[in-house]
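Asks:
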């Protein structure tokens, strides 16, 4: 029997989604959803994970669940093709996390590069919440509960995926082949592996205020593109400029297509020629930013317009999410049945155990 091909992916509801989410995963998810290559696709809103570092602000998380759902639908995720659900509504995920906690050491979690980076970013130090610290374990539960074979994420999530794979291998070694080991699916475009912020910082982050949101207005997009960090040494138009580490060109790598030149910048045949001119001098930042703005407007306008349509019927969005939660819970419950059986904690379903003990105590 051929193993089903299943995708699992999601986002934390800590705000509206931005173009980093879009090029890093959302755009690819829609392509994968529509490819017909996968038997099932699960996309979840990770509200329980968001609460690990927002425990004192549940209203923020609650309000942002709908924001993420709207962005999902606006980008083209289709509830008829993908199961979209809310993490906290699937109790089985908590149970599976609890069992996995016995398979990971504290020192192994401390070595996880993603966890280390996030601790530093949030200035947690020794005051790190246990829930946040065990985030990789929770993520492993999310993936394995749905027997996902493929997890499309950015490169910053590779350590998390490796940790999930370790947990699966350890579980299967101890209890027998029960869980599916997932494979990572990275963005094909290298520029999409980690889109920098508009200020040039390595990470686009809501907390740093360096994001272009999918739902931004045309004016907001233009303002943010105009104010983008470029090469600080490119002071005059005639000065040679650097392309590496220049967010404007990184964004062009991620969003620009050959046909954009004919539409918005016919002076150049392709991106390589534009880069070469910038590097030798004689090309101003505002001209390049103008080109990028045209591309961003073309990309984001249809997403923004679709979102406005979905915003007209919010109850329907919640109904869609509820249906997705019901479907997801059914799948996760079946996996938990397999897990309990493998761990020999399925007491009431184990007729053999009861019969064996009847025999044992009858003989005494």
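In full-length UniProt numbering, the protein residues as written are 1 to 364. Idealized CB from N, CA, C, for every residue including glycine.
Following the continuous alpha helix (DSSP H) through residue 152, name the residue where it begins and the one where it ends.
Replies: First-last for residue 152: 150 to 152, but that is the beta strand (DSSP E), not the alpha helix (DSSP H).
Asks: Give the straight-line distance between the Cα atoms of residue 314 and residue 180, rounded to the nearest whole angstrom.
Replies: Computed Cα separation, rounded: 36 Å.
Asks: Between the segment 75 to 88 and the segment 40 to 58, do at least 3 Cβ pairs fall closer than 8 Å?
Replies: Flag = yes, the segment 75 to 88 and the segment 40 to 58 touch.
Asks: For residue 237, which three-state DSSP category applies?
Replies: Residue 237 falls in the coil class under three-state DSSP.
Asks: Under 8 Å by Cβ, that's how I've got residue 114 and residue 156 pegged, so tell me the actual separation to the nearest angstrom.
Replies: Yes, they are in contact, since the Cβ atoms of residue 114 and residue 156 sit about 6 Å apart, within 8 Å.
Asks: Say whether the segment 257 to 267 touches the segment 275 to 295, bearing in mind that this needs 3 or more beta-carbon pairs closer than 8 Å, one atom from each stretch.
Replies: Touching, yes.
Asks: Residue 369: which of 148, 239 and 247 sits nearest, CA to CA?
Replies: Any answer about residue 369 is impossible in this case: the structure gives the chain only from 1 up to 364.
Asks: Just to confirm, are residue 242 and residue 253 a CB contact at a threshold of 8 Å?
Replies: Going by C-beta atoms, residue 242 is not nearer than 8 Å to residue 253.
Asks: Please classify residue 276 as buried or exposed, where buried requires at least 16 other C-beta atoms within 10 Å of its C-beta.
Replies: It is exposed - the Cβ of residue 276 has fewer than 16 other Cβ atoms within 10 Å.
Asks: Take residue 323 and list the residues in its own chain whose beta-carbon comes closer than 8 Å to its own, dropping the five residues that flank it on each side.
Replies: Result list for residue 323: 79, in chain order.
Asks: Count the CB pairs spanning the segment 200 to 217 and the segment 1 to 12 that are closer than 8 Å, and state whether there are at least three.
Replies: No, because fewer than three Cβ pairs between the segment 200 to 217 and the segment 1 to 12 fall closer than 8 Å, the two stretches do not touch.
Asks: Between residue 368 and residue 291, what straight-line distance do the alpha-carbon atoms span, to the nearest angstrom?
Replies: The shown model of the chain, from 1 to 364, leaves out residue 368, and the question about it has no answer.
Asks: Given that a residue counts as buried once 16 or more other Cβ atoms are within 10 Å of its Cβ, and exposed if not, what is residue 10?
Replies: It is buried - the Cβ of residue 10 has at least 16 other Cβ atoms within 10 Å.
Asks: Return yes when the Cβ of residue 215 is within less than 8 Å of the Cβ of residue 326, no when it is not.
Replies: No, the Cβ-Cβ distance between residue 326 and residue 215 is not below 8 Å.
Asks: Is there contact between the segment 100 to 112 and the segment 136 to 150, where contact requires at least three CB pairs shorter than 8 Å?
Replies: The answer is yes - the segment 136 to 150 touches the segment 100 to 112, with three or more Cβ pairs under 8 Å.
Asks: Just to confirm the assignment, what range does the alpha helix (DSSP H) spanning residue 47 have?
Replies: Start and end: 47 to 50.
Asks: What residue range is occupied by the uninterrupted beta strand (DSSP E) comprising residue 263?
Replies: No beta strand (DSSP E) holds residue 263; the alpha helix (DSSP H) holding it covers 259 to 264.
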